[in-house]
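Colleague:
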Amino acid sequence: MTRHRNHALYGLILTGLIYGLGGCVPLATDVRKEAFRTFDKSFDSLGESPTLNEVIDLGGVKVHVVGHRHFFNYRKAAAYGSPVIGYATSNNEIWVFGKVVRGKIVINQAVLGHELMHLLNFKNKAIADPDRLDDLGA
Numbered sequence: 030m031t032r033h034r035n036h037a038l039y040g041l042i043l044t045g046l047i048y049g050l051g052g053c054v055p056l057a058t059d060v061r062k063e064a065f066r067t068f069d070k071s072f073d074s075l076g077e078s079p080t081l082n083e084v085i086d087l088g089g090v091k092v093h094v095v096g097h098r099h100f101f102n103y104r105k106a107a108a109y110g111s112p113v114i115g116y117a118t119s120n121n122e123i124w125v126f127g128k129v130v131r132g133k134i135v136i137n138q139a140v141l142g143h144e145l146m147h148l149l150n151f152k153n154k155a156i157a158d159p160d161r162l163d164d165l166g167a
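Numbering (our numbering), first residue to last: 30 to 167.
#1: Need the endpoints of the alpha helix (DSSP H) that H143 sits in, please.
#2: Leaving out five residues before and five after K154 in sequence, what residues of the same chain have Cβ atoms less than 6 Å from its Cβ?
#3: Between which residues of its own chain and N150 is the CB-CB distance below 6 Å, once the five residues before and five after are set aside?
#4: Spell out the partners DSSP gives E122 in its beta bridges.
#5: Thinking C-beta only, is V129 closer than 8 Å to I136?
#6: Helix or strand or just coil, what does DSSP make of E6?
#7: On the three-pair Cβ rule with 8 Å, is the segment 103-121 touching the segment 142-149?
#8: Can you tell me whether DSSP reads D164 as helix, strand or coil?
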């Protein structure tokens, strides 16, 4: 009887571990979100550059790098307290925050990549919408 209880207990513990470690959210989603938070934390640690307002024309794609949200050309993003940290438009424009560090502009790479992915998705629906990656388990 004791032996049966031990096997049942071990089975229950093993089942709990499998479900607990497996979770409902794929590992790729968790890792992607954690990486995004890490990039945000790193970028946020840099000093502010409120007057930064650069436009880089890549020949068909314009990237607006700004140091303050009042430069954003989208009311929701420009509003005080807005959570928007970057956005892309169907006119092939990306708007992201930048900060000047020792004379060089630094951009949050995760946000820039996310917004570039929007531009790709606008032109080709085979490219995943970066706002829907959770739905894909990616």
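Note that beta-carbon positions come from the ideal geometry of N, C-alpha and C, so glycine has one too. Small disclaimer: the values here were computed from a predicted structure and weren't measured.
Modeller: Short version:
#1: It spans Q138 to K152 - the alpha helix (DSSP H) in which H143 sits, taken as one unbroken run.
#2: none
#3: I156 and D158
#4: K91 and T118
#5: no
#6: Residue 6 falls outside the range modelled here, since the chain spans only 30 to 167, and no answer is possible.
#7: Below 8 Å, enough C-beta pairs join the segment 103-121 and the segment 142-149 to call them touching: three or more.
#8: helix
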